[in-house]
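Residue numbers (full-length UniProt numbering): 1 to 166.
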């Protein structure tokens, strides 16, 4: 079986050739699906500007649905939804201004910050005495292990004669 091309926007698979790929990428369905995909990543201000310039969709207002969906050239938002979108756009703008106005201290380096963090963590008490619990469990398990699984002692290492392989 030959190579196949999978389009993530359309969720379609077809035989991969330059001609097939070109036809698919220029097709109306692919173009529409690509626009729908990237519309999800638009900021509120851009969406508000676009939607406020559109006239209301009469079919959507009367029936509650529109055959064109998100590609309709008319707006499907009610005045209340437009106001909420405008408020969200303004809130995003305020948050961006606030982030831009925050001054970070230029004198603090990453190394200084990390050292300060480690010093504060060293001062904290050991929660639930984990070290004692681990030591107790390790001694319990090491006594019940078979000799092949036990950790070697210093005497075992000194008595070991290296083998020559090869």
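Built from N, CA and C at the ideal position, the CB exists for glycine as well. Just so we're clear, the structure is a prediction, and the values are computed from it rather than from any experiment.
Please name the residue, chosen from the options, that lies closest to residue i on a Cα-to-Cα basis.
i, options, result
"residue 74", "53, 88, 64, 35", "53"
"residue 35", "162, 13, 72, 4", "72"
"residue 70", "16, 80, 39, 44", "39"
"residue 16", "2, 26, 57", "2"
"residue 68", "94, 29, 163", "29"
Buried or exposed for residue i, going by 16 or more other Cβ atoms inside 10 Å?
i, result
"residue 118", "exposed"
"residue 76", "buried"
"residue 41", "exposed"
"residue 60", "buried"
"residue 48", "buried"
Between which two residues does the beta strand (DSSP E) containing residue i stretch?
i, result
"residue 4", "4 to 7"
"residue 167", "Nothing about residue 167 can be reported from this structure: the residues present for the chain run from 1 to 166 only."
Could you spell out the range, first to last residue, of the alpha helix (DSSP H) harbouring residue i?
i, result
"residue 34", "28 to 39"
"residue 155", "154 to 159"
"residue 24", "18 to 25"
Where DSSP assigns a beta bridge to residue i, which residues make up the other side?
i, result
"residue 147", "According to DSSP, which records beta bridges pairwise, residue 147 is partnered with nothing at all."
"residue 56", "75"
Does any CB atom of chain D fall closer than 7 Å to the CB of residue i?
i, result
"residue 119", "Included in the structure is just one protein chain, with no chain D present."
Which runs of the alpha helix (DSSP H) fall wholly inside the region 75 to 114 and span at least 4 residues, in chain order? 79 to 101
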